[in-house]
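Novice: Just so we're aligned: the sequence shown equals residues -20 to -1, 1 to 164 in mature numbering (1 follows the signal peptide of the UniProt record, and there is no 0). Provided herewith is a single structure, encoded as structure tokens, for subsequent inquiry.
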Amino acid sequence: MHLQMLRLSVFLLLFFPIFCFGVWQKFERPIEMAVPNSDGIYEFDMTVKHSLTMSVPTAGDKIILVDYLPDKQIWMPRGDNRTSFGDDQIQKLLQWDGMHRRIVTINGESPGPLLVVPLGARVAMRVRNRLRAEALTIHLHGMDKRNAWWTDGVAFVQQCPIQPLTDFVYRFIADTPGTHWFHG
């Protein structure tokens, strides 16, 4: 009995860290520095569009609605073929609060992508507004937009908004150290 408990304890001590590390690696992305183009500019492409939460994209711009069944603890696609989804099939799922809602995403993600550049880097942030009826602006908190104040602010007050189905390139120098965030 004592030997069995010892074996179980050793097994759990060895298995638990391996299991946790494996799960962490699956869902956590490491922070990686962006790579500049040949001119030394860090370019980011950001496509802003509507997406539906609790859905999975498929080929040809179609989606599959997905429900979570808490009693069975499985993800289930809606439709005639009611087989449960595995973890690998729902990597692109926009879960949010578990309801089917239309939201605005950047490159199909929410929150948007990480933009990691060194201090003093020249940055070009290309925003493609693919919203059909909404204009938008992007604001970078904590960035000093010297000599480009007109590209960072409230629509129609400080900046002309990016009209539906058009593009705009924000160009700036990453001149403030630290962690910053952006929103529209």
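The beta-carbon is built from N, C-alpha and C at its ideal position, and this holds for glycine as well. Nothing here was measured: the structure is a model prediction, and the numbers come from that model.
1) Kindly give me the distance between the Cβ atoms of Ala113 and Gln143, rounded to whole angstroms, as I take these residues to be in contact under 8 Å.
2) Could you round the C-beta distance between Arg44 and Leu32 to whole angstroms and report it? I think they count as a contact, below 8 Å.
3) Check this for me: beta carbons of Arg126 and Phe24, under 8 Å apart or not?
4) Looking at the secondary structure, which residues open and close the beta strand (DSSP E) in which Trp161 lies?
5) Between Thr146 and the rest of its own chain, which residues show a CB-CB distance below 7 Å, the 5 nearest in sequence each way excluded?
6) Give the straight-line distance between the Cα atoms of Ile153 and Pro10, rounded to the nearest whole angstrom.
7) Should Phe162 be labelled buried (16 or more other beta-carbon atoms within 10 Å of its own) or exposed?
8) What is the rounded straight-line gap between the Cα of Gln139 and the Cα of Thr117?
9) Rounding to the nearest angstrom, what Cα-Cα distance links Pro16 and Asp51 in this structure?
10) Can you tell me whether Met13 is buried or exposed? The criterion is at least 16 other CB atoms within 10 Å of its CB, across all chains shown.
11) Taking Asp25 as part of the beta strand (DSSP E), name the residues at either end of that continuous run.
12) Would you report the Cα separation of Pro157 and Gly164, rounded to the nearest angstrom?
13) Closest by CA to Pro37, which one among Val149, Arg82, Leu73, Met79?
14) Kindly identify the DSSP beta-bridge partner or partners of Ile153.
15) Roughly how many angstroms separate the alpha carbons of Arg58 and Glu89, rounded to a whole number?
Specialist: For this structure:
1) Counting from 1 along the sequence shown, the entry for residue 113 is found at position 133. Counting from 1 along the sequence shown, the entry for residue 143 is found at position 163. Not quite, the Cβ-Cβ distance comes to about 10 Å (not below 8 Å), so this is no contact.
2) For the purposes of this step, residue 44 is taken as residue 64 along the sequence shown, with counting starting at 1. For the purposes of this step, residue 32 is taken as residue 52 along the sequence shown, with counting starting at 1. Before going further, note that residue 44 is Ile rather than Arg in the sequence given. Distance from Ile44 to Leu32 at the Cβ level is roughly 10 Å; contact not present, criterion being Cβ atoms closer than 8 Å.
3) Within the sequence shown, residue 126 is the residue found at index 146, counting from 1. Within the sequence shown, residue 24 is the residue found at index 44, counting from 1. Cβ atoms of Arg126 and Phe24: not closer than 8 Å.
4) For the purposes of this step, residue 161 is taken as residue 181 along the sequence shown, with counting starting at 1. Its beta strand (DSSP E) spans residues 161 to 163.
5) Residue mapping note: residue 146 aligns to position 166 of the sequence shown, counting from 1. Excluding sequence neighbours, Thr146 sits near Asn109.
6) Reading the sequence shown from its first residue, position 173 is the one you call residue 153. Reading the sequence shown from its first residue, position 30 is the one you call residue 10. Approximately 24 Å between the Cα atoms of the pair.
7) Numbered from its first residue, the sequence shown carries residue 162 at position 182. Burial call: buried.
8) One-based indexing of the sequence shown puts residue 139 at position 159. One-based indexing of the sequence shown puts residue 117 at position 137. If you draw a straight line from the Cα of Gln139 to the Cα of Thr117, it comes to about 7 Å.
9) Along the sequence shown, one-based indexing puts residue 16 at 36. Along the sequence shown, one-based indexing puts residue 51 at 71. Whole-angstrom Cα-Cα distance: 48 Å.
10) Here residue 13 corresponds to residue number 33 of the sequence shown, with the count starting at 1. An exposed status is given to Met13, since fewer than 16 other beta-carbon atoms sit within 10 Å of its beta-carbon.
11) Start at 1 with the first residue of the sequence shown, and residue 25 comes out as number 45. Segment 21 to 32, the beta strand (DSSP E) holding Asp25.
12) Within the sequence shown, numbered from 1, the residue matching residue 157 stands at position 177. Within the sequence shown, numbered from 1, the residue matching residue 164 stands at position 184. Roughly 22 Å separates the two Cα atoms.
13) Residue 37 sits at position 57 when you count from the first residue of the sequence shown. The shortest Cα separation from Pro37 among Val149, Arg82, Leu73, Met79 belongs to Leu73.
14) The count along the sequence shown starts at 1 and reaches residue 153 at position 173. Answer is Arg102.
15) Position 78 of the sequence shown, counted from the first residue, corresponds to residue 58. Position 109 of the sequence shown, counted from the first residue, corresponds to residue 89. Taking the straight line joining both Cα atoms gives about 22 Å.
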